[in-house]
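Have a look at the structure below, then the notes.
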Amino acid sequence: MSSETIPAELDQQIARLTRGTELIVPENGLRTKLEKSAKTGRPLRVKLGLDPTAPDIHLGFAVVLRKLRQFQDLGHTVVIIIGDYTALIGDPSGRSATRPMLSKEEIQSNAATYVDQLATILDREKTEVRFNSEWLGAMGFADVVTLTAKMTVAQVLTREDFKKRWDAREPISLHELLYPLAQAQDSVAIEADIEMGGSDQTFNILAGRDLQAAIGQDPQIGLFMPLLVGLDGQKKMSKSLGNYVGIREAPLDQYSKILSLADAQMRTYFLLCTDVPEDEFDALLASATNP
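Counting in my numbering, the sequence shown runs from 231 upward without gaps.
Right, dumping it as structure tokens:
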């Protein structure tokens, strides 16, 4: 393979992998990681964390899963972290109040369905599934103290969701402050090269990058996808809001729900939920009329 071929292939890969992305941190990080992988022959480890807070994965999650599948198609390894331990805390991202804590039984019941649902989009052979209780559950109090020393309360309070609650004098539980560090420890444990998530995960994913650097690992890059707006056309697709399309729902039910979308949402859904080239769906939308 000529030296000219590799850059050309990388440009094609980057164009594919960056379609629909909202942010990559650092900006040139994806190219750097792909170049290193091409030179060493080592597949990248691309991480996604999922807390099993409900039994169904919805189309909003599928946006990220589809991007993970693109990495797999290019030969890389996807590492799914089932957050059976972090689900005990509850991700505070974007929340205006503390999440109710789930029982271990609820978490295990929800997690049991996840692997089969993930396989509807991901390649099982290139997917590594880990439960973060494997390492978080083994930590003692001294380990937790050492971990918390890596971040300050001032840093955590720069998060928009926490800042709003602090300014409004709404309660913030101590266990919620631990969530970003727990997610960061996941990245250290599996030596992630890339962590994917929605734009609401920016603080947590960058915390992982900082923690990896602090202990001498090559820091992961953050690849952020936009949050898919739900069927109500206003808020992000969410199981708790009921404005979602579950990937296990009957095809007719999925079809009926998609039909209810406002015209203004169609371009975003084409971009994030299909592989149709942008020029094609732009032409289609320009020529379409609402009956």
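A virtual CB, placed ideally from N, CA and C, is assigned to each residue, including glycine.
Local Cβ density within 10 Å of residue i, reported as buried at 16 or more and exposed below that
i      : result
Ser326 : Only weak support exists for where Ser326 lies, its pLDDT of 41 falling under 50; the coordinates are left without a value.
Pro237 : exposed
Gln413 : buried
Ile451 : buried
Thr307 : buried
Val506 : exposed
Lys269 : exposed
Asn340 : buried
Phe371 : exposed
Rounded straight-line distance, which links the Cα of residue j to that of residue i
i      : j      : result
Ala528 : Ile351 : Residue coverage of the chain in this structure runs from 231 to 521, which leaves residue 528 outside it and unanswerable.
Gly428 : Arg296 : 13 Å
Ala349 : Phe392 : 35 Å
Gly523 : Leu304 : Here the chain has residues from 231 to 521 only, and residue 523 is not among them.
Pro273 : Val255 : 20 Å
Thr328 : Ser517 : A caution first: Thr328 carries a pLDDT of 48, below 50, which makes its placement in the model unreliable, though a value can still be read off. Approximately 46 Å between the Cα atoms of the pair.
Leu457 : Ala443 : 28 Å
Ile312 : Asp281 : 6 Å
Gln495 : Val475 : 14 Å
Thr382 : Lys394 : 18 Å
Glu265 : Ile445 : 24 Å
Residues near residue i in its chain [Cβ-Cβ closer than 6 Å; skip 5 each side]
i      : result
Ala419 : Trp365
Ser363 : Asp314, Tyr315
Close beta carbons around residue i, own chain, < 7 Å, minus the five adjacent residues each side
i      : result
Ala492 : Gly463
Reduced DSSP category for residue i - H, G, I as helix; E, B as strand; rest coil
i      : result
Gly476 : strand
Arg246 : helix
Val375 : helix
Ile254 : strand
Lys269 : helix
Val506 : coil
Leu441 : helix
Check: residue i C-beta below 6 Å from any heavy atom of the ligand HEM
i      : result
Thr388 : Judged by which ligands are present, the structure shown has none, so any question about the ligand HEM falls away.
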